[in-house]
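Enquirer:
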Amino acid sequence: MIAKDSKRAPSPFEEVNQRLEEAREISGVPKEAMELLENPYREIRVEIPIYSHGHLSVYTGYRIQHNAARGPYKGGIRYHPHVDLDEVRALASLMTWKTALVNIPFGGAKGGVACDPHAMSEEELFELTNTFFTRIAMILGPNRDVPAPDMGTNAKVMGWAMAAYGRINGHTPAIVTGKPLELGGSVGREDATGKGVVIVTEQWAKASALSLEGTRVVIQGFGNVGSFAALNFAQKGARVIAVNDVKGGVKNDKGLNIPNLMEHVKATGSVVGFEGSDPLEGDEILYQECEFLVPAALGGVITGENASKIKAQVIVEAANHPVTPDGEDILVKNGVVMIPDLIANAGGVTVSYFEWAQNIQQFAWKEARIDDELHAILGKAFAQVLDYAKKYQCTYRQASFAIALDRVYRASKARGYIRV
Ligand code: NAD
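Okay, so the sequence shown: first residue is 3 according to the numbering used here, each after it adds one.
If you want it as structure tokens, here you go:
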């Protein structure tokens, strides 16, 4: 069991367990089962030595396998300076509940390396990826643990990762998802998470007899998830009025031209300085008046300290764990609707599942099939969340965790790991 220090503020992993405890009370999963369900199955930490310009730098990497009762471990690899053991544990646990909620045959895992990929050359990133994956290869496998991209990694990194694993085990496309198309990646994977954010938001709007047309959307983070969420919101007729990234933000009350902004980011590396926009500084992005606020960067950005300043009507959690439990208490009291990460950003892992299935079948699906299946899986899962929340008079987050917890509990019981 991972010990808890009650004198300090809860860590991200403890916050996820707080949410599981609420879900346990609603779902009726026995208390005795929780130690097994909350804690990771296996944690691995590796040192990654890289030589650059004759100097040795040693990075630390993690892979945490949280739960595989329902299928192989599944979860992204993050390259970011703030990566640490506790956060990776929290993210690994979230993956267990996300895959269970959308009912795809995977468990949960996460990995990461504490590094700043933007300050590294392509050669250094290749070395880092190659050594990291070589050192964790023994716990991976298409039926064991299947990584994917996350913050700071992308299709190119997954291609290198597949090659590193392949040098030891032979050609194995199903070892990672989010790969380049040339290596067996899937059409529709790159934009899947951002598209899923909008599928779920539109479903919420329809269930509330509303439309996305003309609504104001604000997005924190304009990377893979944030940019494709923005594009999909714009395609639905919503006005994306403000976005930012690590370098700064931009605003235009009439709505930013998202395809042009994506081109600007490609050319300059940031949203800053986009023609026809006003600049936004620091955290101002979070406090804009809007219908939908979409955090799509880091975790823990809305907390007990700043939640009362939020002016959005709905928060759609495209990032993982962007709102802390004490922040959420204030938002719920203020009537802000929360569409939780477990469902809001599950589009990525869902299309990762399609990619894995295509690799195993050695048969490529057409884009229309990917799109239909994505809508079907997210639509069914979110409809279950909406019904559960109504039936048990709870938040969407509590409903999401409760449905997922019950599924993982039942799978663990069926395997004989849990007898209560
Ligand atoms: P990414 O690296 O492509 O983009 C991250 C973006 O956030 C960049 O624009 C970066 O500049 C910005 N950013 C970083 N720090 C910031 C800060 N302090 N303030 C404002 N912006 C900041 O990462 P991504 O893949 O888009 O992932 C974003 C979030 O979505 C993460 O929380 C990740 O766990 C989650 N997520 C990603 C996927 C996926 O398929 N990529 C799936 C599910 C969830």
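Quick reminder that beta carbons are idealized off the backbone N, C-alpha and C, glycines included. A quick note: this is a predicted structure, and the numbers were derived from the prediction, not measured.
Output the boundary residues of the alpha helix (DSSP H) element that contains Thr-174.
Expert: Taking the sequence shown and counting its residues from 1, the one referred to as residue 174 is at position 172. No alpha helix (DSSP H) holds Thr-174; DSSP gives it neither H nor E.
Enquirer: Just checking my contact of Ala-269 with Val-296 at CB under 8 Å: how many whole Å lie between their CB atoms?
Expert: Here residue 269 refers to the residue found at position 267 of the sequence shown. Here residue 296 refers to the residue found at position 294 of the sequence shown. Between Val-296 and Ala-269 the Cβ distance is about 24 Å, and since that is not below 8 Å, they are no contact.
Enquirer: Give the single residue among Gly-349, Gly-187, Asn-156 whose Cα lies nearest to the Cα of Ile-106.
Expert: For the purposes of this step, residue 106 is identified with residue 104 of the sequence shown, where counting begins at 1. The shortest C-alpha separation from Ile-106 is found at Gly-349.
Enquirer: Grab me the residues of Tyr-61's own chain with a C-beta within less than 7 Å of its C-beta, minus the 5 sequence neighbours each way, in chain order.
Expert: Position 59 of the sequence shown holds residue 61. The residues are Ile-50, Ile-52, Val-115, Ala-116, Cys-117, Leu-130.
Enquirer: How about Tyr-355 and Thr-179: do their beta carbons lie closer than 9 Å?
Expert: Here the question's residue 355 lines up with position 353 in the sequence shown. Here the question's residue 179 lines up with position 177 in the sequence shown. Yes, these two residues count as a Cβ contact at 9 Å.
Enquirer: In chain order, what residues of the same chain have a beta carbon less than 7 Å from the beta carbon of Val-353, not counting five sequence neighbours either side?
Expert: Within the sequence shown, the letter at position 351 stands for residue 353. Closer than 7 Å at the Cβ level, and outside the excluded window around Val-353, lie Ser-188, Gly-190, Arg-191, Ala-194, Ile-372, Leu-376.
Enquirer: For a minimum of 4 consecutive residues, which ranges assigned as the alpha helix (DSSP H) are wholly contained in the region 53-118?
Expert: DSSP runs (the alpha helix (DSSP H)) wholly in the region 53-118: 87-103.
Enquirer: Quick check on this structure: which residue in Lys-253, Ser-272, Asn-259 has the alpha carbon closest to the alpha carbon of Asp-247?
Expert: Counted from its first residue, the sequence shown places residue 247 at position 245. Taking only the C-alpha atoms, the option nearest Asp-247 is Ser-272.
Enquirer: Is Phe-224 near ligand 1 - that is, is its Cβ less than 8 Å away from at least one heavy atom of it?
Expert: Walking along the sequence shown from the start, residue 224 turns up at place 222. Because some heavy atom of ligand 1 lies under 8 Å away, the Cβ of Phe-224 counts as near it: yes.
Enquirer: Taking the alpha-carbon positions, what's the Asn-234 to Gln-364 distance?
Expert: Position 232 of the sequence shown, counting from 1, holds the residue named residue 234. Position 362 of the sequence shown, counting from 1, holds the residue named residue 364. Cα to Cα, Asn-234 sits roughly 30 Å from Gln-364.
Enquirer: Do you know how far the Cα of Val-410 is from the Cα of Ala-102?
Expert: Position 100 of the sequence shown, counting from 1, holds the residue named residue 102. Position 408 of the sequence shown, counting from 1, holds the residue named residue 410. If I take the Cα positions, the gap works out to 7 Å.
Enquirer: Looking only at its chain, what residues have a beta carbon closer than 6 Å to the beta carbon of Ala-406, apart from the 5 residues adjacent to it on each side?
Expert: Numbered from 1 along the sequence shown, position 404 holds the residue referred to as residue 406. The residues are Trp-99, Ala-102, Leu-103.
Enquirer: Please name the residue or residues paired with Ala-150 in a DSSP beta bridge.
Expert: Against the sequence shown, residue 150 aligns to sequence position 148. The partner list for Ala-150 (beta bridge, DSSP) reads Gly-78.
Enquirer: Give me the Cβ distance between Lys-112 and Val-148, rounded to the nearest whole Å; I'm assuming they're in contact under 8 Å.
Expert: The residue you call residue 112 lines up with position 110 of the sequence shown. The residue you call residue 148 lines up with position 146 of the sequence shown. With 8 Å as the limit, Lys-112 and Val-148 do not qualify as a contact, their Cβ atoms being about 12 Å apart.
Enquirer: Is Thr-98 near ligand 1, judged by its Cβ being under 8 Å from some heavy atom?
Expert: Position 96 of the sequence shown, counted from the start, is the residue given in the question as residue 98. Flag unset: Cβ of Thr-98 not near ligand 1.
Enquirer: Between Met-164 and Leu-185, which are expected to be in contact by the criterion C-beta below 8 Å, what is the C-beta distance as a whole number of angstroms?
Expert: For the purposes of this step, residue 164 is identified with residue 162 of the sequence shown, where counting begins at 1. For the purposes of this step, residue 185 is identified with residue 183 of the sequence shown, where counting begins at 1. Contact flag correct, Cβ pair sits at about 6 Å.
Enquirer: Could you name each continuous alpha helix (DSSP H) segment of 4 residues or more that falls completely within the region 319-387, going from the start of the chain to the end?
Expert: If we require 4 residues or more, the alpha helix (DSSP H) runs fully inside the region 319-387 come out as 327-335, 343-346, 349-363.
Enquirer: Have a look at Pro-12, Ser-229, Leu-214 and flag the residue whose alpha-carbon is nearest the alpha-carbon of Gln-315.
Expert: To locate residue 315, count along the sequence shown from 1; it is residue 313. For Gln-315, the nearest C-alpha among the options comes from Leu-214.
Enquirer: Is Asn-41 near ligand 1, in the sense that its beta carbon is under 8 Å from a heavy atom of that ligand?
Expert: On the sequence shown, position 39 is the one that residue 41 refers to. Asn-41 Cβ: outside cutoff for every heavy atom of ligand 1.
Enquirer: Only counting the same chain, and skipping five residues up and downstream in sequence, which positions put a Cβ closer than 7 Å to that of Gln-205?
Expert: Indexing the sequence shown from 1 puts residue 205 at position 203. So the qualifying residues of the chain are Gly-381, Phe-384.
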